[in-house]
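Have a look at the structure below, then the notes.
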Amino acid sequence: MTNTTSLSKNAAPATHAESHFDRKGLVQMILLGLLLLLPVAAYFLGHTYYVNLASRVTIIAMAAVGLNLAIGYGGMVSFGHAAYFGLGGYVAGISAYHAFDMTPFMSWPFSVPGSDSLLVVWLAAVVLCALLALAIGAISLRTTGVYFIMITLAFAQMIYYFANSWPTYGGQDGLPIYIRNTLPLVDSSDALTYFLICFTGLVLAMAITSRLMKSRFGAALTMARLNDVRLATAGVSPYPIRLVAFVISAAITGLAGALYADLNGFVSPSMLSWHFSGELMVIVILGGVGRLYGPLAGAVLFVMMETFLGGITEYWQLFLGLVLLGVVLFAKHGVMGWLAGSERNE
Amino acid sequence: MSVTLLIEQLLNGVQLGTMLFLMASGLTLVFGVMGLINLAHGSFYMVGAYATAAVTASTGSFLIGLAAGMTAAALVGALVELLIIRRLYHRPHLDQVLATFALILIFSEGTRWLFGSSPLWLSPPSWLTGFVTLPGETRYPIYRLMLIGVGVAIAIGLYLLISRTRLGMRIRAGESDREMIGALGVNIAKLYTVVFALGAALAGLAGALVGALQSVQVGMGEPVLILAFVVIVIGGIGSIKGALFGALLVGIVDTLGRVYLPLFFQTFMPPSEATGVGSSLAAMLIYILMAVILAFKPKGLFAAND
Numbered sequence: 031m032t033n034t035t036s037l038s039k040n041a042a043p044a045t046h047a048e049s050h051f052d053r054k055g056l057v058q059m060i061l062l063g064l065l066l067l068l069p070v071a072a073y074f075l076g077h078t079y080y081v082n083l084a085s086r087v088t089i090i091a092m093a094a095v096g097l098n099l100a101i102g103y104g105g106m107v108s109f110g111h112a113a114y115f116g117l118g119g120y121v122a123g124i125s126a127y128h129a130f131d132m133t134p135f136m137s138w139p140f141s142v143p144g145s146d147s148l149l150v151v152w153l154a155a156v157v158l159c160a161l162l163a164l165a166i167g168a169i170s171l172r173t174t175g176v177y178f179i180m181i182t183l184a185f186a187q188m189i190y191y192f193a194n195s196w197p198t199y200g201g202q203d204g205l206p207i208y209i210r211n212t213l214p215l216v217d218s219s220d221a222l223t224y225f226l227i228c229f230t231g232l233v234l235a236m237a238i239t240s241r242l243m244k245s246r247f248g249a250a251l252t253m254a255r256l257n258d259v260r261l262a263t264a265g266v267s268p269y270p271i272r273l274v275a276f277v278i279s280a281a282i283t284g285l286a287g288a289l290y291a292d293l294n295g296f297v298s299p300s301m302l303s304w305h306f307s308g309e310l311m312v313i314v315i316l317g318g319v320g321r322l323y324g325p326l327a328g329a330v331l332f333v334m335m336e337t338f339l340g341g342i343t344e345y346w347q348l349f350l351g352l353v354l355l356g357v358v359l360f361a362k363h364g365v366m367g368w369l370a371g372s373e374r375n376e
Numbered sequence: 008m009s010v011t012l013l014i015e016q017l018l019n020g021v022q023l024g025t026m027l028f029l030m031a032s033g034l035t036l037v038f039g040v041m042g043l044i045n046l047a048h049g050s051f052y053m054v055g056a057y058a059t060a061a062v063t064a065s066t067g068s069f070l071i072g073l074a075a076g077m078t079a080a081a082l083v084g085a086l087v088e089l090l091i092i093r094r095l096y097h098r099p100h101l102d103q104v105l106a107t108f109a110l111i112l113i114f115s116e117g118t119r120w121l122f123g124s125s126p127l128w129l130s131p132p133s134w135l136t137g138f139v140t141l142p143g144e145t146r147y148p149i150y151r152l153m154l155i156g157v158g159v160a161i162a163i164g165l166y167l168l169i170s171r172t173r174l175g176m177r178i179r180a181g182e183s184d185r186e187m188i189g190a191l192g193v194n195i196a197k198l199y200t201v202v203f204a205l206g207a208a209l210a211g212l213a214g215a216l217v218g219a220l221q222s223v224q225v226g227m228g229e230p231v232l233i234l235a236f237v238v239i240v241i242g243g244i245g246s247i248k249g250a251l252f253g254a255l256l257v258g259i260v261d262t263l264g265r266v267y268l269p270l271f272f273q274t275f276m277p278p279s280e281a282t283g284v285g286s287s288l289a290a291m292l293i294y295i296l297m298a299v300i301l302a303f304k305p306k307g308l309f310a311a312n313d
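Now the structure itself:
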């Protein structure tokens, strides 16, 4: 009974998606093309503000790409991805703080100096976020459903309160990054250069997600979302598959957090707050859950609303709430579903 | 570490616990009966506090304000259930989280629009200010003692409601098999609205009572909401008994941790560092507690159904 219905369901969207292929490809190309070209044009017209705005869109999109891997592809509704975003940010902030002060981060059992190199910061952010996600995921993935949502939220709150009350790195006042961390050969403090770095990061994150989902691993992850009993029957245990996807998802979001801290020259506990976790989920849903370009579309929409609606009224979140409510209740496929046609038939 | 301090902090912990129970019982009832995860529960807490502050200011009577606050929260809850929440019962948890997150944004910004960003003033009535002297020379504020009393009374009331009344029977039936009670002729839609409004009223009561102790401001419901989630996860989602036990546990552990952990670290560390380490650890303590409990009991201590 279940087999036949799901087979016929799977057969339908394949042809459906093909008929939309051109439209979808076009929309995706326009979206990515505009994101690249508009800041370049703004830069040469002298509007650095819009270049930085585009960097912000790009970084938030990247964080949402990470979350989309967990929620959209893996079916793991993480309500705590701000933890990785914030940890990535704090890695950049703390590393720059010690490089600036010339004090070691750790002196025992071995000496770890601070560093103002972006490459070191990125590597540290990815590794530390992956480790944190491994610990949190290992406990959280033992639970399912509402418990998973709440336990990921609670872990993120734990880190939030820790950052809030730990005085060394600014506590609730946050930590400034006086000089943006550097890269060899290029000038990362230039707005356009930094945008291009972020853009490369976003494209890489999307490419990794796409490759991953086309691999055997991706097939297993999809099956773990749709029917984990069937996956287990096929001889693949769902738990490690989910855990690995959760860790990769967190690492992508963490890298975005490190980029974000350097963009703003500031890191504070608000990057770790549950409100940000919620906003990331909102972006994924607004864009279209489980779609490669969904996070990008969602981030563009979100930052546009925040910037332009926020310029008109300080109560812009009221309208964000109304839009979100409308999307959740009436438009399940998000902006990308609306622009590029539905992709998944569930 | 005197006995007086210990008694005082234990009472503070119990007081926090009883207020958390008012929040958590509504959340856990709504989840147990309707299978709905409701982030907007903190908004009812805020609505209750604002309505109480506004009515108390205009009538001058805290009790009338309190009644108005509970009524307002219940009405808003019923309205939200009728308009939005009932479309979410059959949706995945992700949709429920997002729609109720949207409700938080709407309620918070709407309240800021109506009442402005500065906190409202609400203080307990004069006959509830002052201290009582408890055995052991502990002087304790009457108002906080009253909060404990209200919490205990509500807990007993809820127990009687659920175990002794027809409504309670329907709630219990709804928890175990909602199709069946529908087939037996119970108006499920009405039952859901009533349960939701009841939960909202309890949240509104908690908001009003705590609002008089702290301050009435936008976003006041959010930290409490997250604590209430920790409570029901520890207690087992859907279980009132779990909510009561979890609330007291979280209240006491959190309060005592904040007082005694810095003192404990001072025994072997310089005071300035000890305060930092102690308070950071104290802030994380209940989450660590939750992680430990879930690591051993993934469904919480008193897992209700399934």
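Same order as they appear, the protein sequences are chains A and B. Here the working numbering is used: the first residue of the first sequence is 31, the next is one more, and so on. Here the working numbering is used: the first residue of the second sequence is 8, the next is one more, and so on. Beta carbons: idealized from backbone N, C-alpha and C, even for Gly. Predicted, not measured: the structure shown is a model, and the values here were computed from it.
Could you tell me which of the options sits nearest to residue i, measuring between CA atoms?
i: S9 (chain B); options: B:P277, B:Y267, B:K306 and B:A298; result: B:Y267
i: L220 (chain B); options: B:G117, B:I14 and B:N19; result: B:N19
i: L256 (chain B); options: B:G24, B:G137 and B:V231; result: B:G24
i: M335 (chain A); options: A:L316, A:Y323, A:G320 and A:R321; result: A:L316
i: A280 (chain A); options: A:S108, A:I60 and A:M59; result: A:S108
i: P99 (chain B); options: B:Y147, B:I44, B:G49 and B:S133; result: B:I44
i: L354 (chain A); options: B:A250, B:G283, B:I111 and B:Y199; result: B:I111
i: D131 (chain A); options: A:I207, A:R260 and A:G351; result: A:I207
i: V202 (chain B); options: B:M176, B:V225 and B:A213; result: B:M176
i: Y57 (chain B); options: B:R119, B:K248 and B:V223; result: B:V223
i: V157 (chain B); options: B:F271, B:L232, B:L212 and B:G55; result: B:L212
i: P143 (chain A); options: A:F225, A:T133 and A:V151; result: A:T133
i: A155 (chain A); options: A:L164, A:L117 and A:R172; result: A:L117
i: F247 (chain A); options: A:L310, A:S145, A:V274 and A:G340; result: A:V274
i: L215 (chain A); options: A:M106, A:G204, A:I227 and A:I209; result: A:I227
i: G320 (chain A); options: A:I342, A:S307, A:W346 and A:H363; result: A:H363
Pull up the CB-CB distance for residue i and residue j, whole angstroms please, since I reckon it's below 8 Å.
i: L162 (chain A); j: A113 (chain A); result: 7 Å
i: L335 (chain B); j: V104 (chain B); result: Lying outside 8 to 313, the shown extent of chain B, residue 335 (chain B) is not represented and no answer is given.
i: F276 (chain A); j: A100 (chain A); result: 6 Å
i: I211 (chain A); j: A122 (chain A); result: Looking at the sequence itself, residue 211 (chain A) is Asn, so the reference to Ile does not match. Contact flag correct, Cβ pair sits at about 6 Å.
i: Y224 (chain A); j: S125 (chain A); result: Between S125 (chain A) and Y224 (chain A) the Cβ distance is about 17 Å, and since that is not below 8 Å, they are no contact.
i: A215 (chain B); j: G55 (chain B); result: 5 Å
What number of angstroms, rounded off, separates the C-alpha of residue i from the C-alpha of residue j?
i: T11 (chain B); j: V21 (chain B); result: 15 Å
i: G55 (chain A); j: F309 (chain B); result: 51 Å
i: L234 (chain B); j: G258 (chain B); result: 9 Å
i: G33 (chain B); j: L129 (chain B); result: 24 Å
i: F178 (chain A); j: Y103 (chain A); result: 16 Å
i: F252 (chain B); j: V37 (chain B); result: 18 Å
i: N386 (chain A); j: H111 (chain A); result: The question about residue 386 (chain A) has no answer, for chain A in this structure spans 31 to 376.
i: V378 (chain A); j: P325 (chain A); result: Chain A is shown only over 31 to 376; residue 378 (chain A) falls outside these bounds and no answer can be derived.
i: I155 (chain B); j: F69 (chain B); result: 18 Å
i: Y79 (chain A); j: L66 (chain A); result: 15 Å
i: M297 (chain B); j: M188 (chain A); result: 10 Å
i: S65 (chain B); j: D261 (chain B); result: 36 Å
i: T172 (chain B); j: S170 (chain A); result: 38 Å
i: F122 (chain B); j: T200 (chain B); result: 28 Å
i: T34 (chain A); j: R260 (chain A); result: Confidence in T34 (chain A) is poor, its pLDDT being 40 and thus under 50, which makes the residue's placement too unreliable to answer from.
i: I181 (chain A); j: V330 (chain A); result: 29 Å
i: Y199 (chain A); j: I278 (chain A); result: 27 Å
i: A327 (chain A); j: V57 (chain A); result: 10 Å
i: R241 (chain A); j: G117 (chain B); result: 44 Å
i: V193 (chain B); j: G42 (chain B); result: 18 Å
i: C159 (chain A); j: L359 (chain A); result: 34 Å
Span of the alpha helix (DSSP H) holding residue i?
i: L369 (chain A); result: G364 to A370
i: T78 (chain B); result: F69 to L90
i: R272 (chain A); result: P268 to N294
i: H305 (chain A); result: W304 to G317
i: D131 (chain A); result: A112 to D131
i: G104 (chain A); result: Here G104 (chain A) belongs to no alpha helix (DSSP H), and DSSP marks it neither H nor E.
i: A96 (chain A); result: What sits at residue 96 (chain A) in the sequence shown is Gly, not Ala. Its alpha helix (DSSP H) spans residues T78 to N98.
Any heavy atom of the ligand ZN closer than 7 Å to the CB of residue i?
i: V10 (chain B); result: Only the bare structure without any ligand can be found here, which leaves the ligand ZN out of the picture.
What are the boundary residues of the beta strand (DSSP E) that residue i is part of?
i: V139 (chain B); result: F138 to L141
i: F135 (chain A); result: P134 to M136
i: P148 (chain B); result: T145 to P148
- [ ] Flag this pair as touching only if the region 82-96 of chain A and the region 290-304 of chain A have three or more C-beta atom pairs under 8 Å; answer yes or no.
- [x] yes
TODO: Determine, using beta-carbon pairs with one atom in the region 358-372 of chain A and one in the region 123-139 of chain B, whether at least three such pairs fall under 8 Å.
DONE: no
TODO: Check whether the region 72-91 of chain B touches the region 48-58 of chain B, counting contact only when three or more Cβ pairs, one atom from each stretch, lie closer than 8 Å.
DONE: Yes, the region 72-91 of chain B touches the region 48-58 of chain B.
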